[in-house]
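Since the structure comes first, as structure tokens, the remarks are kept for the end.
Numbering (the numbering used here), first residue to last: 54 to 344.
So this is what it looks like as structure tokens:
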């Protein structure tokens with residue numbers, strides 16, 4: 054099924070999306086989130102309520118790929134095709150090898166269980182970053198006294214990038230891997246951190262303010278623009294200026310770039326997943342490819 058996309062131009066010059074078509078590629082979901090494009094040529098996403106991972110293969114369609122009792126939410130692939138998953142029910146980060154072997158990478162910080170890991174990004178050199186908010190009844194079992202943004206080093210050490218009173222949600226890297234972006238669902242902003250070669254973060258600052266709706270997932274394109282899933286899919290320049298907006302028939306939760314050329318935008322929403330050929334190339338830092 055195809056739907057016309059309503060696009061609102063922003064203050065900055067932008068590609069003309071007025072003729073793009075939004076295709077619904079998966080339906081009947083309970084709460085879709087965590088889209089991730091595999092270097093092996095398919096899309097993975099979570100149906101969080103049902104604990105299911107789905108696999109969409111272009112030309113073949115959507116299938117249920119796995120059931121994860123730990124509660125899959127955010128997903129990411131590395132360049133070796135290994136899948137990293139935020140399990141919000143088990144409150145941990147796992148990595149699944151291509152042979153199906155599951156490894157727990159992190160489950161606690163300073164002896165306390167995480168709140169409910171939500172979204173994850175993998176830098177090309179193996180540094181891992183994830184958000185740890187708590188929504189709804191997840192608040193009832195909190196052990197940490199903050200909402201965290203965390204870093205897992207290639208040696209497996211877990212560090213706190215930030216300890217917030219507001220809840221982080223989506224997470225993404227700049228094309229060169231030197232800036233980490235995190236959406237703040239409560240403050241309705243996107244914050245940024247500078248990353249050094251060792252993966253350490255500094256210089257926390259707000260780069261996008263007054264986002265319409267609750268910001269969730271986000272990605273960057275090859276030019277460093279930020280694509281944010283909120284009330285709409287909103288595109289901002291690296292300086293935080295609104296470029297354009299893409300409206301769907303339901304509220305988006307997350308998004309990623311995919312297809313071999315990374316010029317297709319895949320968008321998860323509450324009950325469906327959408328695909329849009331946009332002619333804008335996503336950053337390979339956030340969409341693992343074997344380039």
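Idealized CB from N, CA, C, for every residue including glycine. Please read all numbers here as calculations on a predicted model, not as lab measurements.
Applying the 10 Å Cβ sphere with the 16-neighbour rule, what's the burial state of residue i?
i, result
"residue 143", "buried"
"residue 150", "exposed"
"residue 322", "buried"
"residue 249", "exposed"
"residue 141", "buried"
"residue 172", "buried"
"residue 298", "buried"
"residue 157", "exposed"
In three-state DSSP terms, what is residue i?
i, result
"residue 202", "strand"
"residue 219", "coil"
"residue 304", "coil"
"residue 297", "strand"
"residue 126", "strand"
"residue 101", "helix"
"residue 255", "strand"
Leaving out five residues on either side along the sequence, give the residues of the same chain with a beta carbon under 6 Å from the beta carbon of residue i.
i, result
"residue 266", "283 and 284"
"residue 212", "204"
"residue 258", "245"
"residue 236", "222, 223, 243, 268 and 271"
Under the assumption that residue i contacts residue j (Cβ atoms under 8 Å), give the Cβ distance between them as a whole number of angstroms.
i, j, result
"residue 207", "residue 180", "7 Å"
"residue 254", "residue 233", "6 Å"
"residue 230", "residue 177", "6 Å"
Per DSSP, what are the beta-bridge partners of residue i in this structure?
i, result
"residue 185", "201"
"residue 311", "317"
"residue 156", "148"
"residue 162", "165"
Considering only residues of the same chain and omitting the five flanking positions on each side of residue i, which have a CB-CB separation below 7 Å?
i, result
"residue 102", "83 and 84"
"residue 115", "78, 79, 107 and 109"
"residue 117", "105 and 107"
"residue 91", "97, 130 and 134"
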